[in-house]
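Participant: Residue numbering for the sequence shown follows our numbering, beginning at 85 and increasing consecutively. Got a structure for you, written out below as structure tokens; questions coming shortly.
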Amino acid sequence: MHYLWTPCSRAAARVQVPPVVHKEIWTVGWIQACNQMDFFNYYGEEGISSWELPELRDGHIQAISDSDGVNYPWYGCTTEIYTIVGPNKKSTTLTVSMNDNFCPSVTWSIPTGTRSVPPLLSSIHRDQRFTTWLVAMNEARAEIVLLRTIRWRMQLAIEVDPKKPLGQRARIMDHLAQEQPEILTMNEPIPHNALVKPNANDAQVLIWRPKRGKSVLVIPPKCKEWSDWSK
85 MHYLWTPCSR AAARVQVPPV VHKEIWTVGW IQACNQMDFF NYYGEEGISS
135 WELPELRDGH IQAISDSDGV NYPWYGCTTE IYTIVGPNKK STTLTVSMND
185 NFCPSVTWSI PTGTRSVPPL LSSIHRDQRF TTWLVAMNEA RAEIVLLRTI
235 RWRMQLAIEV DPKKPLGQRA RIMDHLAQEQ PEILTMNEPI PHNALVKPNA
285 NDAQVLIWRP KRGKSVLVIP PKCKEWSDWS K
């Protein structure tokens with residue numbers, strides 16, 4: 085396996101919430117969705133493997149949840165959210181933060197081969213776009229108040245030579261500096277798919293696309309409801 089440590093995204097916000105006069109529960113935190121995922125691994129003249137989100141790829145949806153897969157719709161449940169239980173007479177000042185890290189692994193050989201197949205990985209290309217919302221949610225009514233909307237992008241281009249010594253096999257080809265996140269002046273609405281199952285990790289598939297022959301589904305989606313889209 086070839087392991088990658090790639091650029092990450094961090095966000096933090098300090099929020100002042102007015103007194104909650106009724107017996108209500110409000111949660112302030114981060115919701116994130118993936119808007120684009122291009123993740124291609126090239127194996128010389130043999131072909132390309134790619135991680136794909138079929139419904140997003142085919143234009144059936146515009147975004148998919150990037151939740152942790154447990155605490156929908158939130159990105160996480162530790163530093164990412166803060167819950168306020170009313171009634172209370174004082175305002176609350178809170179901080180919520182999130183850290184999105186990419187640490188993927190890529191096989192040296194074509195994903196449909198065996199261990200005896202020679203390492204042919206020649207380059208890795210990744211281009212992903214995300215939208216992140218800072219929101220306050222009334223838990224009883226599922227009412228969402230948008231506070232901030234952030235767009236950001238992660239790009240990666242790596243040249244790989246498996247024949248070189250350890251520590252010298254990978255070289256960054258492009259995107260040494262990433263685009264800076266953009267805090268929008270006007271909030272964007274949150275698409276329904278960004279709030280519900282499945283999340284991106286459960287919906288993604290790995291496909292092998294050889295230069296000769298038919299494409300092969302190597303890893304199907306974890307969620308059954310998306311199985312048809314991966315065919």
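Built from N, CA and C at the ideal position, the CB exists for glycine as well.
#1: Is proline 138 helix, strand or coil when you go by DSSP?
#2: Under 7 angstroms Cβ to Cβ from aspartate 150, same chain only, skipping five residues before and after it: list those, please.
#3: What did DSSP end up calling asparagine 285 once you bin it into helix, strand or coil?
#4: Between arginine 98 and the rest of its own chain, which residues show a CB-CB distance below 8 angstroms, the 5 nearest in sequence each way excluded?
#5: Look up arginine 225 in the DSSP assignment and give the residues it is bridged to.
#6: Let me confirm a value: glutamine 212 is counted as buried when at least 16 other C-beta atoms fall within 10 Å, else exposed. Which label applies?
#7: Express the C-alpha separation of glutamate 136 and proline 91 in angstroms, rounding to a whole number.
#8: Terminal residues of the continuous beta strand (DSSP E) containing threonine 179?
#9: Taking all protein chains shown into account, do 16 or more other C-beta atoms lie within 10 angstroms of the C-beta of glycine 128, making it buried, or fewer, making it exposed?
#10: To the nearest angstrom, how far is it from the Cα of proline 102 to the Cα of threonine 167?
#11: What are the start and end residues of the beta strand (DSSP E) that includes methionine 121?
#12: Go ahead and label asparagine 172 buried or exposed: buried means 16 or more other beta carbons lie within 10 angstroms of its beta carbon, across all protein chains shown.
#13: At which residues does the beta strand (DSSP E) containing aspartate 258 begin and terminate?
#14: With distance defined between alpha-carbon atoms, name the residue in Pro273, Asn185, Ile194 nearest to glutamate 227.
#15: Going straight from the alpha carbon of arginine 296 to that of isoleucine 194, what length do you get?
#16: Any idea what DSSP makes of histidine 144, helix, strand or coil?
#17: On a Cα-Cα basis, can you pick out the residue from Phe123, Val105, Val229 that is closest to cysteine 187?
#18: Give me the Cβ distance between methionine 221 and tryptophan 292, rounded to the nearest whole Å; I'm assuming they're in contact under 8 angstroms.
#19: Who does histidine 209 pair with in a DSSP beta bridge?
#20: Among Ala278, His144, Ile267, which has the Cα closest to the Cα of arginine 94?
#21: Verify the CB distance criterion: does glycine 197 have a CB-CB separation below 7 angstroms to chain C?
#22: For alanine 261, which three-state DSSP category applies?
Facilitator: So, to answer that:
#1: helix
#2: Gln116, Ala117, Cys118, Tyr159, Phe214, Asn283, Ala284
#3: Reduced to three states, the DSSP call for asparagine 285 is helix.
#4: Thr177, Leu178, Thr179
#5: Partner residues in a beta bridge of arginine 225, as assigned by DSSP, do not exist.
#6: buried
#7: 20 angstroms
#8: Here the beta strand (DSSP E) through threonine 179 covers 176-184.
#9: exposed
#10: 13 angstroms
#11: 109-127
#12: exposed
#13: Counting along the chain, the unbroken beta strand (DSSP E) around aspartate 258 starts and ends at 254-258.
#14: Pro273
#15: 13 angstroms
#16: coil
#17: Taking cysteine 187 as reference, the option from Phe123, Val105, Val229 with the minimal CA-CA separation is Phe123.
#18: Actually they do not touch by this definition, with Cβ atoms about 41 angstroms apart.
#19: Phe124, Ala241
#20: Restricting attention to Ala278, His144, Ile267, the CA atom closest to the CA of arginine 94 is found in Ile267.
#21: No chain C is present in this structure, which holds just one protein chain.
#22: coil
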